[in-house]
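Under the working numbering, the sequence shown has 349 at position 311, and the numbering climbs by one with no breaks.
For every residue, glycine included, the Cβ atom is placed at its ideal position computed from N, Cα and C.
This structure is a prediction, so every number in the text was calculated from the model and none was measured.
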Amino acid sequence: MEPSSNRTRQNGTIARPDERGRREPTDVGDLARVRRTPCDIFTRSATTFKYDLLRNMFQGITETGFTTFVLLVAIRVFHAPESLKAILSGAEHLGMFLTFVSFGLFLRFSMSATRLSAVYFFLEAFLLFLTALSDTLMEFVVAILCAKVIYRQYTPLMTQVYAENYSHKTRGKRLSVVLVASAMVGIGFSKLGGYWLDLDLHNYTWIFFSMAAASMFCGWSLSRIPSSRVKNNATPKLLQFSYLWKDPLFGKMVLAWTLLGFGNFMTLPMRIEYLANERYGLSLSNQTVVLITAILPMVARIASMSIWGLLFDRVRFIPLRSLNNLFWILGLFCFFNFTNLWLIGLGSILIGIGMGGGFVIWNLWVTKIAPPDKAGAYMSVHTSISGLQGMLSPCVGYAILSLPHMTPAVVGWVGILLSIASLALFASHWKDTRIT
């Protein structure tokens, strides 16, 4: 039996016209206009889910390494100064900001969205391998900085793939399942990595070798997902930032996301500083720091993410986003305003629940507001703005911390106030019927 991929090869490139001589779709915009059979849709969706699940399991290793072990190694192995720690904390967001550039740069290779994403992961694996071989602070910083920049280049591409391959009724549920798998793997790797570092700080090399291998498997998994070639006129070039004012609702939503993200990412490195830096009185062990900053929030993510996914498919965006903001606000309050480890742990759990919803909502929210053939372009603009605030927020956080008599708790309160401002802006569109 001839497979249904006669019309579309596995990675979305077109094999030939069909027997009636009709022109086959060649890009995302065409695919949105072509009527596919239920069998085609089911096969494409099932294949996407299978390999995206595998990819996210391996990505749980790299994500944990980037969010926890990079800064921990910089502090305890290389004794990095405040300026370099701020740069490392914002590097991933520099990559997010540059997505609008990389979209256009790599378009000339005429690759499908998922194969292009796979290239990013293979390059990331090479850079992580160099990180593992680093002996000096500058070697470590340069290698991991480049790896973190590359790490986020795939994001708008995958949003377009989800819009193309998943029904709007199942996107949240399917994405939440793969993110749960990612978090479960991340918990195991967090525990193992913390144990390695407590045995010998120089075991950090094995952490980054593991991340490099995981990135290779991520790339392979993505190469197996069907997708279309990136559409030329959908490429998010600099001029497409005009969506921010040509579509005022989109612009206001991005502003609200920016306020929330600025407050949250300003406080993320402060959590490790608060627990690990002896200057602030706690100076906990590596395993305890990893438990509170990585394992507890990951467990909370796992427990809540499926619920957030179902809510995304069934609840309007604004009420859901507002509820998610409340978890961040309460979590930051508990984490930075107490020295009792139980209350700090509670704050970390609340932050983890907020992260669980944030991961689902952040990846898919533009599908609630953008035209189907512009989902990737809208997401690239949003990703770039998120990257810009992500770069600046750790620097501002460390700048506040460097002032006389400042503590991580002060930075935490700034984050709380920004999250409240974001909540107010989201809530101002509570009755807007355009946002589903």
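(message) Whether or not the segment 211-219 and the segment 155-169 are in contact is what I'm after, with contact meaning three or more pairs of Cβ atoms, one per stretch, closer than 8 Å; do they touch?
(response) No: fewer than three Cβ pairs fall under 8 Å.
(request) With F300 as the anchor, note down where its alpha helix (DSSP H) starts and where it stops. (result) F300: member of the alpha helix (DSSP H) spanning 286-314, first to last residue.
(message) Helix, strand or coil for P63? Go by DSSP, reduced to three states.
(response) For P63, the predicted model reports a pLDDT of 41, less than 50, meaning its position is unreliable; a value from the coordinates is still stated below. Correct three-state label for P63: coil.
(message) Taking 8 Å as the limit between beta carbons, can you name the residues of its chain near R73, skipping five residues before and five after?
(response) With a pLDDT of 48 at R73, under the threshold of 50, the modelled position of this residue cannot be trusted, and the question is left open.
(request) Determine the DSSP secondary structure at R339, reduced to helix, strand or coil. (result) Residue state, collapsed to three classes: helix.
(request) Report yes or no: do the segment 331-340 and the segment 219-234 share at least 3 C-beta pairs separated by less than 8 Å? (result) A contact between stretches requires three or more CB pairs, one per stretch, nearer than 8 Å, and the segment 331-340 meets this requirement with the segment 219-234.
(request) Between the Cα of H206 and those of M429, W468, G435, T405, spot the shortest distance and give me the residue it belongs to. (result) For the residues M429, W468, G435, T405, the minimum Cα distance to H206 belongs to T405.
(request) Rounded to whole angstroms, what's the CA-CA distance from D238 to V179? Just pull it up for me. (result) When rounded, the distance between both Cα atoms is 21 Å.
(request) Measure how close the beta-carbons of A124 and Y416 come, nearest whole angstrom, since I'm counting them as under 8 Å. (result) About 30 Å separates the Cβ atoms of A124 and Y416, ruling out a contact at the 8 Å cut-off.
(message) So, under 8 Å CB-CB, I389 and L370 are touching, yes? Tell me the CB distance rounded to an integer number of Å.
(response) In this structure, I389 and L370 form a Cβ contact; the two beta carbons are roughly 7 Å apart against a cut-off of 8 Å.
(message) Give me, in chain order, the residues of the same chain whose beta-carbon lies closer than 6 Å to that of S127; leave out the 5 immediate sequence neighbours on both sides.
(response) Cβ-Cβ distances below 6 Å link S127 to P307, P432 in the same chain, with the five nearest sequence neighbours on each side left out; the list follows chain order.
(message) Let's see if you can read the secondary structure: which residues bound the alpha helix (DSSP H) around W468?
(response) Looking at the DSSP string, W468 is not in any alpha helix (DSSP H), and its letter there is neither H nor E.
(request) Over the uninterrupted alpha helix (DSSP H) stretch that includes Q427, give me the two end residues. (result) That run of the alpha helix (DSSP H) goes 413-440.
(message) Assuming K229 is part of the alpha helix (DSSP H), what are its boundary residues?
(response) The continuous alpha helix (DSSP H) containing K229 extends over residues 209-237.
(request) Taking 8 Å as the threshold, find out whether the segment 246-264 comes into contact with the segment 435-453 through three or more Cβ pairs. (result) Counting Cβ pairs under 8 Å, fewer than three are found: no touch.
(message) On the DSSP bridge list, what partners appear for S150?
(response) According to DSSP, residue pairing for S150 in a beta bridge involves R267.
(request) Tell me whether A408 sits in a helix, a strand or coil according to DSSP, three-state version. (result) The answer is coil: DSSP assigns A408 none of H, G, I, E or B.
(message) On the criterion of 16 or more Cβ atoms from any shown chain inside 10 Å, does R47 qualify as buried, or is it exposed?
(response) In this prediction, R47 has a pLDDT of 40, which is less than 50 and means its spatial position is unreliable; what the coordinates show is noted afterwards. R47 counts as exposed, since fewer than 16 other C-beta atoms from the protein chains shown sit within 10 angstroms of its C-beta.
(request) Report, in whole angstroms, the separation of the C-beta atoms of R190 and E130, which I expect to be a contact under 8 Å. (result) Yes, they are in contact, since the Cβ atoms of R190 and E130 sit about 6 Å apart, within 8 Å.
(message) Am I right that G453 and G301 are in contact with their C-beta atoms under 8 Å? What's the rounded C-beta distance?
(response) Contact flag correct, Cβ pair sits at about 4 Å.
(message) Residues in the same chain with beta-carbon distance under 8 Å from P335, minus the five sequence neighbours each way, listed in chain order, please.
(response) Excluding sequence neighbours, P335 sits near S386, I387, I389, G390, M393.
(request) Give the straight-line distance between the Cα atoms of I245 and I99, rounded to the nearest whole angstrom. (result) Per the coordinates, the alpha-carbon of I245 lies some 9 Å from the alpha-carbon of I99.
(request) Look at the alpha carbon of T137 and the alpha carbon of P194, and state the distance between them as a whole number of angstroms. (result) When rounded, the distance between both Cα atoms is 8 Å.
(request) Specify the secondary structure class of D68 as computed by DSSP and reduced to three states. (result) Any answer about D68 is weak, because its pLDDT of 42 lies below 50 and its placement is not dependable; what the coordinates show is given next. Three-state DSSP puts D68 in a helix.
(request) Count the other CB atoms, across all protein chains shown, that sit within 10 Å of the CB of F159; report buried if there are 16 or more and exposed otherwise. (result) Here F159 is buried: its Cβ has 16 or more other Cβ atoms, across all protein chains shown, within 10 Å.
(message) Quick check: the Cα distance between Q97 and R352, rounded to an integer number of angstroms?
(response) Taken atom to atom, the span from the alpha-carbon of Q97 to that of R352 is near 28 Å.
(request) Mark N362 as exposed unless 16 or more other C-beta atoms lie within 10 angstroms of its C-beta, in which case mark it buried. (result) Buried: at least 16 other Cβ atoms inside 10 Å.
(request) With a threshold of 16 other CB atoms inside 10 Å of the CB of F350, please say whether the residue is buried or exposed. (result) Counting Cβ neighbours within 10 Å, F350 comes out buried, since at least 16 surround it.
(request) Look at the alpha carbon of G67 and the alpha carbon of S457, and state the distance between them as a whole number of angstroms. (result) In this prediction, G67 scores a pLDDT of 42, lower than 50, which makes its location untrustworthy; no coordinate-derived value is stated.
(request) Could you work out which residue in T86, R359, F303, L364 is closest to V449 when comparing CA atoms only? (result) When only C-alpha atoms are compared, the closest one is F303.
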